[in-house]
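For the sequence shown, this note's numbering begins at 150 and goes up steadily by one.
Here a beta-carbon is modelled for each residue, glycine too, at the ideal position from N, C-alpha and C.
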Amino acid sequence: MPTATTDVQPPLDGIRAYKSLSNAQLRDRIQAVRDAMGPELLILGHHYQQDEVIELADLRGDSYQLSQMAADSERCRAIAFCGVHFMAETADILSNRPEKLAQRGGQRVRVVLPDLAAGCSMADMAAIDQIEDAWDQLSEVIDTDRLIPVTYINSAASLKAFVGRHGGIVCTSSNARAAIDWAFNEANGGSGGDRVMFFPDQHLGRNTALGMGITNDQMPVWDPHQELGGSTEERLRQSKVILWRGHCSVHQMFKAEHVAMFRERQPGIRVLVHPECPQEVFELADQSGSTGAIIKAVRSAPPGTKWAIGTELHLVNRLKQEHPEQEIHFLSPVVCMCATMYRIDLAHLAWSLENLAAGTPVNSIEVDEETAKWSLVALERMLQVR
Ligand code: 13P
Ligand code: SF4
């Protein structure tokens, strides 16, 4: 951890000015803010962040763990979220939920996203008006009172609020199975639903549901650009899980032939992938899990284990550095990097933290009260199922 050599500096005039500083200068400036704010500041970092950013995070985790950290935060008054937009929104909702606000005498935790352009292309594949339109169309064909919406946490707060209002649940890659199980068995006040509508990631939805014995025939994919999602009334009536036509452009790059290539070249290799990978890759893998589960699998493996890992490049490279006793390969021959996560760099972090310390915050993420209220309903369900 770097040592501060300076007092907190007054903010420079805009992000451009920070871009001209060296990493060492930026680290010192960031550290000075951390020292000055102490436990009032919490820097959260997702595992896909670049090394120089993750080194400065107070806590790091996968989406589920980071949500829990935001929900449990006691002393902090500001969170700098080194991740993407939906994660910062979730942190805002959870850290400012009514009982937390009451404990703090109404004082909000301010959440900042160092670069507002750090979005998630998958989350952007489902807009609230498209979801509402799909729901309206579905209500003409099936009983939507018994259709339970499940949204992956990689979605805008407006979608989480929709899910909260319609008796559904948010899930992450680490509890998707439990969330779908909840939808079939415990939603609707305990009677459970007949069907699930899962958005925005078709792959996580499909991979999880296949593992629960639901077949592809029972999982039409809803294309928001087509009438009835490009499906038929018959198909929708027979469905168990309606999948949204969304995907992660990073994980979509891993292919079955990459798995075959590693298996041929490196007998005994273990293929470990994130469940956002397409079905054909997921099914060929030996293990799968959230970013947190991937790290845990590598940490607990015996020295000499060979891995081909299918998830974002920064995390795989960090695992390689941290585990020289194991042989770790990236599952794809091409670069699969999350360009939006990568937008968070030391310059943006220093810029947002110095403005926070100076009382002139930039890039605050504040979810409106009504959206936050309904999102919270669905997020609290998520935190209860595991
Ligand atoms: P995790 O919940 O596994 O950290 O995944 C988040 C994400 O966006 C993966 O693309
Ligand atoms: Fe979104 Fe994919 Fe990036 Fe995760 S890796 S934040 S799903 S674009």
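Cα-Cα separation, residue i to residue j
i, j, result
"Met121", "Gly395", "Lying outside 150 to 535, the shown extent of the chain, residue 121 is not represented and no answer is given."
"Met150", "Ile164", "In this prediction, Met150 scores a pLDDT of 45, lower than 50, which makes its location untrustworthy; the coordinate-derived value is nonetheless stated afterwards. Going by the C-alpha atoms only, they are around 24 Å apart."
"Val483", "Glu335", "43 Å"
"Leu525", "Asp294", "20 Å"
"Ile291", "Asp162", "56 Å"
"Thr489", "Asp330", "32 Å"
"Glu476", "Glu289", "54 Å"
"Thr152", "Asp221", "Any reading at Thr152 needs caution, since the residue's pLDDT is 48, under 50, leaving its predicted position unreliable; the model's value is listed next. Going by the C-alpha atoms only, they are around 28 Å apart."
"Ser169", "Met486", "24 Å"
"Asn466", "Gly339", "44 Å"
"Gly438", "Pro159", "43 Å"
"Asn337", "Phe347", "17 Å"
"Asp241", "His497", "19 Å"
"His400", "Met271", "11 Å"
"Met186", "Ala506", "7 Å"
"Gln470", "Leu495", "21 Å"
"Thr509", "Ala442", "38 Å"
"His315", "Ala173", "49 Å"
"Gln256", "Ser449", "41 Å"
"Arg253", "Ile228", "15 Å"
"Asp184", "Ala251", "27 Å"
"Met236", "Pro298", "20 Å"
"Gln415", "Ala409", "10 Å"
"Gly417", "Ser481", "18 Å"
"Ser398", "Leu385", "27 Å"
"Leu311", "Gln375", "One point to set straight first is that residue 311 is Phe, not Leu, in the sequence displayed. Cα to Cα, Phe311 sits roughly 21 Å from Gln375."
Collapsed DSSP secondary structure at residue i in the structure displayed
i, result
"Phe230", "strand"
"Glu529", "helix"
"Ile329", "helix"
"Tyr197", "coil"
"Glu474", "coil"
"Phe348", "strand"
"Val516", "coil"
"Pro298", "strand"
"Thr152", "Only weak support exists for where Thr152 lies, its pLDDT of 48 falling under 50; the coordinates are left without a value."
"Leu464", "helix"
"Gln428", "helix"
"Ser501", "helix"
"Val420", "strand"
"Gln436", "strand"
"Val447", "helix"
"Arg209", "strand"
"Leu459", "It should be noted that the sequence gives Gly, not Leu, for residue 459. In this structure, Gly459 counts as strand in the three-state DSSP scheme."
"Leu215", "helix"
Distance CB(residue i)-CB(residue j) smaller than 8 Å
i, j, result
"Leu359", "Ala405", "no"
"Leu175", "Leu191", "no"
"Val202", "Gly194", "yes"
"Ser244", "Ala283", "no"
"Ala306", "Glu238", "yes"
"Pro373", "Gln279", "yes"
"Gly342", "Ala332", "yes"
"Arg226", "Arg259", "yes"
"Asn303", "Val534", "no"
"Thr300", "Lys309", "yes"
"Ala206", "His234", "no"
"His196", "Leu462", "no"
"Asn512", "Gln428", "no"
"Ile493", "Leu468", "no"
"His478", "Phe411", "yes"
"Arg224", "Pro247", "no"
"Arg344", "Leu377", "no"
"Gln217", "Leu528", "no"
"Arg530", "Ile318", "yes"
"His352", "Cys426", "yes"
"Leu447", "His472", "The question names Leu, but residue 447 is Val in the sequence shown. Closer than 8 Å, so yes."
"Gln214", "Tyr491", "no"
"Gly354", "Trp523", "no"
8 Å Cβ cutoff, residue i in contact with chain D
i, result
"Asp221", "The structure shown contains no chain D; it holds only a single protein chain."
Heavy atom of the ligand SAH within 7 Å of residue i beta-carbon
i, result
"Tyr167", "Inclusion of the ligand SAH in the displayed structure is not the case, the ligand content consisting of the ligand 13P and the ligand SF4 alone."
### Query
With a cut-off of 8 Å, do at least 3 Cβ pairs link the stretch 491-503 to the stretch 244-264?
yes
### Query
Does the stretch 504-522 touch the stretch 426-445, meaning 3 or more C-beta pairs lie closer than 8 Å?
no
### Message
Taking contact to mean 3 or more Cβ pairs, one atom from each stretch, closer than 8 Å, check whether the stretch 385-402 and the stretch 355-370 are in contact.
### Response
yes
### Query
Counting pairs of Cβ atoms below 8 Å between the stretch 376-388 and the stretch 443-454, do you hit three or more?
no
### Query
Are the stretch 455-471 and the stretch 412-428 touching by the rule of at least three beta carbon pairs closer than 8 Å?
yes
### Task
Give me every residue whose Cβ sits closer than 5 Å to any heavy atom of the ligand 13P, in chain order.
Asp211, Ser212, Thr321, Ser322, Ser439, Thr440
### Message
Please output, in chain order, the residues near the ligand SF4 using a CB cut-off of less than 7 Å to any non-hydrogen atom of the ligand.
### Response
Tyr197, Val233, Cys269, Ser270, Met271, Ala272, Asn303, Cys397, Ser398, Val399, His400, Glu425, Glu461, Cys487, Thr489, Met490
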